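Colleague: Dropping the structure in here first, questions after.
Residue numbers (the numbering used here), protein chains in the order written: chain A, 32 to 311; chain B, 404 to 507.
Structure, rendered in structure tokens:
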């Protein structure tokens, strides 16, 4: 039993001190009563893995969101500083053409994907906070969302550093320093949040069941396609309204349509991967 | 009683057993059997994932002791575990009163 449990725990990704502890506890149990019915090593290891994997996936989602909140604050500080001291940065002379284009792409696109994926990971983790063991498919979805959020968050921070480098001639020294410090701090926070994510990925959850979809995140029972359309429409309205408030309604409407379209494009491209719509 | 029937209540039962005094896994199971008059005889291994989960949730703490040359993990209820037990008792009392009222 004990040897079997040791190897089954290894099979489901539970190793190191935790495995030693579980094995020692069961060995003590069997020493107290050699005839005790402790169940099969496989079932026991899978029960541990299902509960541990569920709990670690939630920790990974919360950790990712916390790290991204810090990175987001640093990003906002740098972005605001650049916008104030060099409002026409887009037209400014950059060191190289392609790097500056990449910087702008990362600065504007990556934070949106990161925020959406991180929020969805957090929402699902919160909605399932009382579940002791989630289906393997749902755990995978939470971890994918957190991973995508962290990857795009890191890309946004790299965009900040690239902007500082590319537009060095246009930016004062303190803004460039702020860019580099923000990028470094953000990447460090995101890197720290990657550890619980990797720890969660190591555990092989085997619980059956579906991954759910966008309706499980937002409004249970509503068709995910309808929800995606609703979210895109809301984003369009909010961005367009912001443009009207800033006395530039045409620009606001154009931006609103672009952001709403981006929401729908994200849903079409990443919808299945991130568990927003069920697999056909 | 079937293990599936007990599944949703095992956390509260374990917390309740530990409210009296700290114990290791085997002792917890023995007390469960004793206090339930033998009704709660489930595969004994199932209590260990529950103990680990409750500890991760901050409801239990644990430490190693040594008994007859063997390492033994002893669990105790934390303050948060005591609060959780109170909540679960209240939930159970409300639920059982409602079921009793319907069945009577």
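Each residue gets a CB set at the ideal place from its N, CA and C atoms; glycine is no exception.
For clarity, every value in this text was computed on a predicted model and none was experimentally measured.
Please report the distance separating the alpha-carbon of residue 228/A from that of residue 157/A.
Modeller: Taking the first residue of the first chain as 1, we reach residue 228/A at position 197. Taking the first residue of the first chain as 1, we reach residue 157/A at position 126. The straight-line gap from Cα to Cα measures roughly 16 Å.
Colleague: Would you check if the region 82 to 89 of chain A and the region 234 to 252 of chain A touch, i.e. whether three or more CB-CB distances between them fall below 8 Å?
Modeller: The region 234 to 252 of chain A is in contact with the region 82 to 89 of chain A.
Colleague: Is it the case that the region 183 to 200 of chain A contacts the region 134 to 141 of chain A, given that we only count it when at least three CB pairs across the two stretches are under 8 Å?
Modeller: In short, these stretches touch, since the Cβ pair count reaches three.
Colleague: Might you give, ordered along the chain, the residues of its own chain that have their beta carbon closer than 8 Å to the beta carbon of residue 142/A, omitting 5 neighbours on each side?
Modeller: One-based indexing of the first chain puts residue 142/A at position 111. So the list reads 103, 106, 183, 184, 187, once near-sequence residues are dropped.
Colleague: Is residue 265/A helix, strand or coil when you go by DSSP?
Modeller: The residue you call residue 265/A lines up with position 234 of the first chain. Helix at residue 265/A.
Colleague: When you compare each of 154/A, 163/A, 112/A, 37/A to residue 455/B by their alpha carbons, which one comes out closest?
Modeller: For the purposes of this step, residue 455/B is identified with residue 52 of the second chain, where counting begins at 1. Here the closest residue by C-alpha is 163/A.
Colleague: DSSP three-state label for residue 421/B, please.
Modeller: Counting from one through the second chain, the residue named residue 421/B turns up at place 18. Of the three classes helix, strand and coil, the one that applies to residue 421/B here is helix, per DSSP.
Colleague: Let me check one thing: in DSSP terms, what residues is residue 470/B bridge-paired to?
Modeller: Here residue 470/B refers to the residue found at position 67 when the second chain is read from its first residue. Beta-bridge pairing links residue 470/B to 473/B.
Colleague: For residue 280/A, which residues in the same chain have their Cβ closer than 6 Å to its Cβ, ignoring the five residues on either side in sequence?
Modeller: Counted from its first residue, the first chain places residue 280/A at position 249. Here the set comprises 274.
Colleague: Report the residue ranges of all alpha helix (DSSP H) runs contained in full by the region 204 to 235 of chain A; include only those spanning at least 4 residues, in chain order.
Modeller: The qualifying runs are 204 to 233.
Colleague: Does the structure place the region 73 to 80 of chain A close enough to the region 32 to 42 of chain A that three or more beta carbon pairs sit under 8 Å?
Modeller: Yes: at least three Cβ pairs fall under 8 Å.
Colleague: At which residue ranges does the region 45 to 127 of chain A contain complete alpha helix (DSSP H) runs of 4 or more residues, listed in the order of the chain?
Modeller: Complete alpha helix (DSSP H) runs here, min 4: 47 to 63, 72 to 116.
Colleague: What three-state label does DSSP hand residue 483/B in the structure shown?
Modeller: Locating residue 483/B in the second chain gives position 80, counting from the first residue. Helix at residue 483/B.
Colleague: When burial is assigned at 16 or more other CB atoms within 10 Å of the CB, is residue 127/A buried or exposed?
Modeller: Taking the first chain and counting its residues from 1, the one referred to as residue 127/A is at position 96. Classification for residue 127/A: exposed.
Colleague: With the cut-off set at 8 Å, would you say residue 305/A and residue 175/A are in Cβ contact?
Modeller: Taking the first residue of the first chain as position 1, residue 305/A is located at position 274. Taking the first residue of the first chain as position 1, residue 175/A is located at position 144. A contact, by the Cβ cut-off of 8 Å.
Colleague: Would residue 412/B pass as an interface residue toward chain A - the criterion being a Cβ-Cβ separation below 8 Å?
Modeller: For this step, residue 412/B is matched to residue 9 along the second chain. Output row for residue 412/B: interface = no.
Colleague: Under the three-state reduction of DSSP, which class applies to residue 429/B: helix, strand or coil?
Modeller: Against the second chain, residue 429/B aligns to sequence position 26. Residue 429/B falls in the helix class under three-state DSSP.
Colleague: For a contact meaning CB atoms closer than 9 Å, what does residue 479/B contact in chain A?
Modeller: Residue 479/B sits at position 76 when you count from the first residue of the second chain. Within 9 Å Cβ-Cβ: nothing; residue 479/B doesn't reach chain A, min ~15 Å.
Colleague: Hey, is residue 42/A's beta-carbon within less than 8 Å of any beta-carbon in chain B?
Modeller: Counting from one through the first chain, the residue named residue 42/A turns up at place 11. Taking Cβ atoms only, chain B never reaches closer than 8 Å to residue 42/A, which makes this a no.
Colleague: Can the beta-carbon of residue 287/A be found closer than 8 Å to that of residue 147/A?
Modeller: Indexing the first chain from 1 puts residue 287/A at position 256. Indexing the first chain from 1 puts residue 147/A at position 116. For residue 287/A and residue 147/A, no; Cβs fall outside 8 Å.
Colleague: Taking only beta-carbon atoms, is residue 127/A less than 8 Å away from chain B?
Modeller: The residue labelled residue 127/A in the question sits at position 96 within the first chain. Not closer than 8 Å to any Cβ of chain B, the Cβ of residue 127/A fails to qualify, so no.
Colleague: What is the DSSP secondary structure of residue 478/B, reduced to helix, strand or coil?
Modeller: Here residue 478/B refers to the residue found at position 75 when the second chain is read from its first residue. Strand at residue 478/B.
Colleague: In chain order, what residues of the same chain lie with their CB nearer than 8 Å to the CB of residue 291/A, ignoring the 5 residues before and after it?
Modeller: The count along the first chain starts at 1 and reaches residue 291/A at position 260. Excluding positions up to five away in sequence, the list reads 263, 264, 266, 267, 270.
Colleague: Just the Cα atoms here: how many angstroms apart are residue 44/A and residue 54/A?
Modeller: By 1-based counting over the first chain, the position of residue 44/A is 13. By 1-based counting over the first chain, the position of residue 54/A is 23. C-alpha separation (whole angstroms): 14 Å.
Colleague: Any idea what DSSP makes of residue 416/B, helix, strand or coil?
Modeller: Reading the second chain from its first residue, position 13 is the one you call residue 416/B. Residue 416/B falls in the helix class under three-state DSSP.
Colleague: Does the beta-carbon of residue 223/A have 16 or more other beta-carbons within 10 angstroms, so that it is buried, or is it exposed?
Modeller: If you number the first chain from 1, residue 223/A lands on position 192. Per the 10 Å Cβ criterion, exposed.
Colleague: Would you report the Cα separation of residue 254/A and residue 284/A, rounded to the nearest angstrom?
Modeller: Residue 254/A sits at position 223 when you count from the first residue of the first chain. Residue 284/A sits at position 253 when you count from the first residue of the first chain. Using only the alpha carbons, I get a separation of about 27 Å.
Colleague: Which first and last residues belong to the alpha helix (DSSP H) in which residue 175/A is found?
Modeller: Translated into positions along the first chain, residue 175/A becomes position 144. Element bounds for residue 175/A: 167 to 197.
Colleague: Quick check on residue 200/A: does DSSP put it in helix, strand or coil?
Modeller: Taking the first chain and counting its residues from 1, the one referred to as residue 200/A is at position 169. In this structure, residue 200/A counts as coil in the three-state DSSP scheme.
Colleague: Identify which residue in 110/A, 155/A, 70/A has its Cα closest to the Cα of residue 92/A.
Modeller: To locate residue 92/A, count along the first chain from 1; it is residue 61. Taking only the C-alpha atoms, the option nearest residue 92/A is 155/A.
Colleague: Does the beta-carbon distance from residue 479/B to residue 463/B come in below 8 Å?
Modeller: By one-based count along the second chain, residue 479/B stands at place 76. By one-based count along the second chain, residue 463/B stands at place 60. The answer is yes: Cβ separation under 8 Å.
Colleague: Enumerate in chain order the residues of its own chain whose CB-to-CB distance from residue 434/B is below 6 Å, with the five nearest sequence positions on each side excluded.
Modeller: As a first step, residue 434/B must be located in the second chain, where it is residue number 31. Excluding positions up to five away in sequence, the list reads 420.
Colleague: Name the chain B residues that come within less than 8 Å of residue 134/A, Cβ to Cβ?
Modeller: Here the question's residue 134/A lines up with position 103 in the first chain. Those within 8 Å of residue 134/A in chain B number zero; the least Cβ separation is about 42 Å.
Colleague: Thinking C-beta only, is residue 261/A closer than 8 Å to residue 245/A?
Modeller: For the purposes of this step, residue 245/A is taken as residue 214 along the first chain, with counting starting at 1. For the purposes of this step, residue 261/A is taken as residue 230 along the first chain, with counting starting at 1. Not in contact: residue 245/A and residue 261/A (Cβ atoms no closer than 8 Å).
Colleague: Can you name the residues of chain B whose CB is closer than 8 Å to the CB of residue 276/A?
Modeller: Counting from one through the first chain, the residue named residue 276/A turns up at place 245. Here the premise fails: no neighbours, minimum Cβ distance about 45 Å.
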